[in-house]
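Numbering (the numbering used here), first residue to last: 1180 to 1716. Note that the Cβ used here is the ideal one computed from N, Cα and C, for glycine as well. Notes follow the structure.
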Amino acid sequence: MSGYNNPNFDQYGKPSGGPPQPPRPMPAQPQPRQGIPPYQGPVPRGLPPGVVPPGTYVPPPGTPAGFGPPGAMPPFPPGQAFARPVKRGPSPALGVLKLLFGLFLALVGGILLVQHGHGGFGEAAAGGIPLGAGLALAAAGVANMARRALGVKSLALWLVTALVATGAGPTLSDSFYTSKEAEVFEQAKNYSYNTWSYDYFNEEEIPRKFWREDAYAESLKTSARYATGAKNVASMRSVIGLANWLDSDRTKPFPASVGYGEHYFKEAPKHAGYAEARKMCGEALLAIYDSALTKLAKPAAKDEKAEFEADEKLRSAFVALLKQLSVAEDATVYVKFSNSVDLAPPQGVDAVLKQYQQSDIALSRFPDGNAPVIAEGEAFSPKFDSKRRDTALKALQEAFSKVFDASLLTLAPLPLGQAPGNKPVFELSSSIFRRKSFYTYTQTKDQSEEFIGLLFAIYVDWVFTVTDGAGTKLYENKTQSIAGSRIAIDTKPTDPDFAPYSIMMDSAYYNFSREITGKFGLVPPAMRTSFAYEAAR
């Protein structure tokens, strides 16, 4: 060791043997004298001052205080518990959060990219930017889980993925919706017409730019197949109305029978498929009419029990009218009324009046032969027309409703001053005249008849016309009836004096309606022989 040589220690400072032993005597030999004789005294203990013990770590010059040898623990203040050293680098737990949130953000961005990218690069960027940010954040999270940090690389990854996604967005979105449109198109053709409304013609499902031109016609044909298969007359009428509107110049209001969800048809292009859908429904409706017209389509039966003989010309005209109704938008047939009144006394009526005044029943009450003729008052005024027309209309409706429900044929009064448009019309025209005759008007009191006065007789010229929707006259018949020839009048004390004339006209309208229904081959309403006065409406 430096500056010191002790034979009792080896080169590492460890004792080389036991305690010092006295030297063995050497054989006596002559020894030459060489310098200073070796030290023969006791071995000193300890080290000289300033000498570092063997095995001690000596830091290099210039090392700050407090550092020990490699691998040694740093010094701690006295009494402080030992703590592990803090590991440096990103937290793995934070990396997991970054990964999860990044994947979620990327998913949202991908959905936005696919849904809106078809609109162009601007719309694609709205999805591409969050998609790139999500992928970059997820990559940073994976690196953090390994206690590594991407740093600027994360920003570069965001920019690159955002640019790539934005550039590819329009193509990806177009491909997605093109594939979806083809799939939904085939499904809608084979399923319910509701699939068109909710899945195809729904811009939240398929944007309008991807709707094909054939889809509108296919949708209408799907509705036609559904309606005809279910024999739903109302749905068939709706298809016909929509097809007519689509084939027109579309200046008329959109058909009210079409549901709100089908308003996408307002922008539908012209297409031959609309006529196909209309034809499907028209043929199905005609088959339904044919089943209801089984009796009317046959020659009139010569049945002596029938109250009225069927008119084959009228029934043929009715068949032609119903064929038009099979392709009409609704089943309305208007009933039009017109009437005129001429109550001028006919020539020679005064002589006839004297004869009635000299009758026994008239003289029993008026022995001077001056039995009065009851005045007509307001019985023939226009304000009573609506009541009589309602009487006739109800009689017709009662007969037709036994064969045709409202979806096949609906009789409705044509409002005054309104044109029928393209709807068929039944027109009842009446012209009222005085006859050269009188009726004896009596009332039953205490089981005996009491003479009241005379009523002038009237007759009605009727004209019944059937006109189709184009205004073509299909049928016309002229006939005459005598009003109130034999009827019972149910009177009340409050009835006006002219009540008998009003009742006569009510019965005339009712009986003529019964006659018309019988000529159609239908069962007329029950015969009435007693009527009561009804005030004007």
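In the structure shown, ILE1385 adopts coil according to DSSP, grouped into three states. DSSP places ASP1426 in the uninterrupted alpha helix (DSSP H) bounded by 1412-1426. The beta carbon of ALA1328 sits closer than 7 Å to those of PRO1269 and ALA1322, all from its chain and outside the five residues before and after it, given in chain order. In this structure, DSSP gives PHE1699 a helical state, which the three-state scheme calls helix. Closest option to GLU1488, judged by alpha-carbon separation, among ALA1715, PRO1233, TYR1712 and LEU1701: LEU1701.
Under a 10 Å Cβ-count criterion, ARG1544 is classified as exposed, with fewer than 16 other Cβ atoms of the shown protein chains found around its own Cβ.
Excluding the 5 residues flanking it on each side, ALA1496 has same chain C-beta neighbours closer than 6 Å at VAL1645, LEU1653 and TYR1654, in chain order. When C-beta atoms of the region 1273-1281 are compared with those of the region 1289-1306, fewer than three pairs fall below 8 Å, so the two segments do not count as touching. Less than 9 Å divides the Cβ of PRO1679 from the Cβ of ILE1553. Each residue's CA atom was taken as its position, placing TRP1390 and ILE1467 some 35 Å apart. TYR1370 sits in coil when the DSSP states are folded into three classes, being neither helix nor strand. The beta carbon of PRO1524 sits closer than 7 Å to those of ARG1613, all from its chain and outside the five residues before and after it, given in chain order.
When DSSP states are grouped into helix, strand and coil, ASP1378 belongs to the helix group. Inter-segment contact for the region 1347-1367 and the region 1296-1303 is present: three or more beta-carbon pairs are separated by less than 8 Å. TRP1390 carries a coil assignment under DSSP once its states are collapsed to helix, strand and coil. Selection ILE1661, ASN1381, ALA1585 and SER1580 evaluated against PHE1617 yields ILE1661 as nearest (Cα-Cα).
Within its own chain, the residues whose Cβ lies closer than 6 Å to the Cβ of GLU1628, once the five positions on either side in sequence are excluded, are THR1621, listed in chain order. THR1651 and PHE1605 have their C-alpha atoms spaced approximately 12 Å apart. Going by C-alpha positions, LEU1593 is about 8 Å away from PHE1516. Distance between PHE1364 and TYR1377, taken at the CA atoms: about 12 Å. Positions of the beta strand (DSSP E) runs, each at least 3 residues long and wholly inside the region 1554-1638, are given as 1589-1592 and 1604-1624 in order along the chain. For GLN1534, the secondary structure class from DSSP, reduced to helix, strand or coil, is helix. For ASP1539, the three-state secondary structure derived from DSSP is helix. With a 10 Å radius around the Cβ and a threshold of 16 neighbouring Cβ atoms, ARG1326 comes out exposed.
Residue burial annotation: ASN1369 is exposed, with fewer than 16 other C-beta atoms found within 10 angstroms of its C-beta. The beta carbon of GLN1659 is closer than 8 Å to those of TYR1638, VAL1639, ASP1640 and TRP1641 in its chain, skipping five residues each way along the sequence. Judged by DSSP in its simplified three-state form, ILE1666 adopts coil rather than helix or strand. A distance below 8 Å between beta-carbons, with the five flanking residues on each side excluded, links SER1686 to the following residues of its chain, in chain order: ALA1662, GLY1663, ILE1666, ARG1707 and PHE1710. Inter-residue distance for ASP1469 and GLN1626 is about 55 Å (C-alpha atoms, whole angstroms). The beta carbon of VAL1275 sits closer than 7 Å to the beta carbons of GLY1320 and MET1324 from its chain, once the five residues preceding and following it are set aside; these are given in chain order. In this structure, TYR1712 places its C-beta atom within 9 Å of the C-beta atom of LYS1671. The Cβ-Cβ distance between GLY1311 and GLY1288 falls below 9 Å. Annotation for SER1517: the continuous beta strand (DSSP E) segment containing it runs 1511-1521.
For the alpha helix (DSSP H) assignment, the uninterrupted runs of no fewer than 4 residues enclosed by the region 1285-1330 are, from N- to C-terminal side, 1300-1324.
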